[in-house]
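Protein chains in written order, with the working numbering: chain V, 7 to 289; chain U, 1286 to 1471. Note that CB positions come from ideal geometry on N, CA and C, so glycine has one too. Contents: one structure, followed by commentary.
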């Protein structure tokens, strides 16, 4: 059994970024200003030798946190064992202090969405997540943290609030929380709820890591976590609020498109680092 | 309805246009759990296709630049009529299938041959990745390099002259660009 204490024993990692191919050169040559990296595990599964060599090279320089996309821990039909084996081989290769996935599902009925879909906030979904995580734990005992996602659709079958669902799911599965502050902000605006109330109900004591990036909005004022914008003021303010109360070990900037100069990424990482320092989350 | 059924129905409605039209047909008397979420499901389905387009665009950059907006329009047509590939290489498979579809769709047009060269060229690193090949040699009647240069200089790519060309692709060691190529034209 993994307890909250186990998560607190994870060393502080401070301020990192999600590894993306355009930054390979600069990260491998200098890597200054970046404390650790999150790698998307799926990008290395079934990859050619050069990609695995690149991973090993990155591992020599940084602590790497594998982040899975397609395990579908919320699938009622269970997890794909072949995919899981491949995912585990990548996780073991980088020997991380923990790894992460999502509180979501990506496949059902033999079809793959190719994207994260929300779960109904129901007791059955809590049980499914716990059962799937237990199955995963039979093969890999490393601490696992789960991320809250954005959702444009309220699935039928809600029985509780999202915050309570996260609490119940993480408690039942003994997982830590990868709190995506951008997803939280986006959902709070799109679904009109109060972030402070959400945080009071949510398992903030289980937060191990944060995700953050900028968001954009469409003509209807609907917020979109496009992973392609500079970090907005609202996100910095929310990060400050979260780091004041959550025992996070690190933050990851998740930029996936419209890549700016790397110096701008370093600046954003530095700002996140200083917020964590202010609350003594790391040195 | 249990979670399993909800998930299966949601995935089907998100991916299958025909299933969506049938489920949300105003004349239908059958009710499903997503009836009141019709608009959200349609938006979700569209956003999944836009996401596929975004990735395929990044893989077929030169073709996108050559075709402009027509690339997006053709992909939207292709995506609404094709199954979403599965597995870890889903976006690579999507790019290959779209290229095959595009070549078939444009076979009667003037640009067909040039498009075929461009797509074949751009898909080489994709095939090399998927087949774990370190070296690939391709023969073309027109130089992909010339075609890329023409559109970069905003010159009509139909001006590409016949120029038998050998293109050699090879894998490099790490860094940003891990598949490199060099062409030799006669």
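Check your understanding: Is the number of C-beta pairs between the region 1366 to 1380 of chain U and the region 1416 to 1430 of chain U that are closer than 8 Å three or more?
Key -> Touching, no, given that fewer than three Cβ pairs across the two stretches are closer than 8 Å.
Review point. Residue 1298 of chain U touches chain V at which residues, Cβ-Cβ below 8 Å?
Key: Under the 8 Å cutoff, chain V gives no residues; its nearest Cβ is about 10 Å from residue 1298 of chain U.
Exercise for review: Anything in the region 161 to 180 of chain V with a Cβ closer than 9 Å to a Cβ of chain U? List those residues in chain order, please.
Suggested key: 161, 162, 163
Check your understanding: Cβ of residue 89 of chain V less than 9 Å from any chain U Cβ?
Key -> yes
Practice item. Give the DSSP bridge partners of residue 118 of chain V, in chain order. Key: V/113
Check your understanding: Does the region 150 to 159 of chain V come within contact of the region 199 to 206 of chain V, defined as at least 3 CB pairs closer than 8 Å?
Key -> At 8 Å Cβ cutoff, the stretches do not touch.
Practice item. Would you kindly work out how many angstroms separate the C-alpha atoms of residue 144 of chain V and residue 58 of chain V, rounded to a whole number? Key: 25 Å
Practice item. Below 8 Å between beta carbons is the criterion; list the residues of the region 45 to 78 of chain V that meet it against any residue of chain U, in chain order. Key: 48, 51, 52, 53, 54, 55, 56, 57, 59, 60, 63, 76
Check your understanding: For residue 1427 of chain U, is the classification buried or exposed, using 16 other Cβ atoms within 10 angstroms of its Cβ as the cut-off for buried?
Key -> By the 16-neighbour rule on beta-carbons within 10 angstroms, residue 1427 of chain U is buried.
Check your understanding: Which residues in the same chain have their Cβ closer than 7 Å to the Cβ of residue 1323 of chain U, if we skip the five residues on either side of it in sequence?
Key -> 1309
Point to revise | Selection from U/1362, U/1313, U/1318 that minimises the alpha carbon distance to residue 1338 of chain U | key: U/1362
Review point. Helix, strand or coil: how does DSSP classify residue 1392 of chain U here?
Key: coil
Point to revise | Against chain V: residues of the region 1332 to 1354 of chain U by CB proximity under 8 Å | key: For the region 1332 to 1354 of chain U, the set of residues with a beta-carbon nearer than 8 Å to any beta-carbon of chain V comprises 1332, 1333, 1336, 1337, 1339, in chain order.
Point to revise | Selected residue, minimal CA-CA separation from residue 256 of chain V, among V/21, V/13, V/16 | key: V/21
Check your understanding: Comparing the CB of residue 206 of chain V with every heavy atom of the ligand ZN, is any distance shorter than 8 Å?
Key -> In the structure shown, the ligand ZN is absent, as is every other ligand, since no ligand is present at all.
Review point. Does the beta carbon of residue 1411 of chain U sit closer than 9 Å to a beta carbon anywhere in chain V?
Key: It does not; no Cβ of chain V falls within 9 Å.
Review point. Pick from V/211, V/166, V/194, V/163: whose alpha carbon is nearest that of residue 180 of chain V?
Key: V/211
Review point. Does any residue of chain U bring its CB to less than 9 Å from the CB of residue 130 of chain V?
Key: Taking Cβ atoms only, chain U reaches closer than 9 Å to residue 130 of chain V, which makes this a yes.
Check your understanding: Mind checking if residue 270 of chain V is an interface residue toward chain U, Cβ cutoff 9 Å exclusive?
Key -> no
Review point. Can you tell me where the alpha helix (DSSP H) with residue 282 of chain V in it begins and where it stops?
Key: For residue 282 of chain V, the enclosing alpha helix (DSSP H) begins and ends at 268 to 284.
Check your understanding: Name the DSSP bridge partner or partners of residue 1467 of chain U?
Key -> U/1453
**Study point:** For residue 1469 of chain U, the nearest candidate out of U/1358, U/1425, U/1330, U/1307 (CA to CA)
**Key:** Considering only alpha carbons, the answer is U/1425.
Review point. Looking at the C-beta of residue 205 of chain V, does it have a partner C-beta in chain U at a distance below 9 Å?
Key: Chain U, which has no Cβ nearer than 9 Å to the Cβ of residue 205 of chain V, makes this no.
Review point. With which residues is residue 218 of chain V paired in a DSSP beta bridge?
Key: V/259
Exercise for review: Check residue 1428 of chain U in the structure and name its three-state DSSP category.
Suggested key: coil
Review point. When Cβ atoms are compared, which residues of the region 1398 to 1428 of chain U fall closer than 7 Å to chain V?
Key: 1414, 1417
Exercise for review: Would you check if the distance between the CB atom of residue 191 of chain V and the CB atom of residue 244 of chain V is smaller than 9 Å?
Suggested key: yes
Review point. Buried or exposed: residue 73 of chain V, going by 16 or more other Cβ atoms within 10 Å of its Cβ?
Key: Its Cβ being crowded by 16 or more others within 10 Å, residue 73 of chain V is buried.
Review point. Does any C-beta atom of chain V lie closer than 9 Å to the C-beta of residue 1430 of chain U?
Key: No, no contact with chain V.
Check your understanding: In this structure, does DSSP put residue 1250 of chain U in helix, strand or coil?
Key -> Residue 1250 of chain U is absent from the model: chain U starts at 1286 and stops at 1471.
Point to revise | Closest Cα partner of residue 126 of chain V within the set V/247, V/98, V/170, V/106 | key: V/170
Point to revise | Residue from V/142, V/56, V/235 with nearest C-alpha to residue 1455 of chain U | key: V/56
Check your understanding: Does the beta-carbon of residue 174 of chain V have 16 or more other beta-carbons within 10 angstroms, so that it is buried, or is it exposed?
Key -> buried
Check your understanding: Is it a yes or a no for the region 110 to 126 of chain V touching the region 1292 to 1306 of chain U, going by three-plus beta-carbon pairs under 8 Å?
Key -> yes
Review point. Can you pull the DSSP bridge partners for residue 184 of chain V?
Key: Within the DSSP secondary-structure output, residue 184 of chain V pairs in a beta bridge with V/153, V/215.
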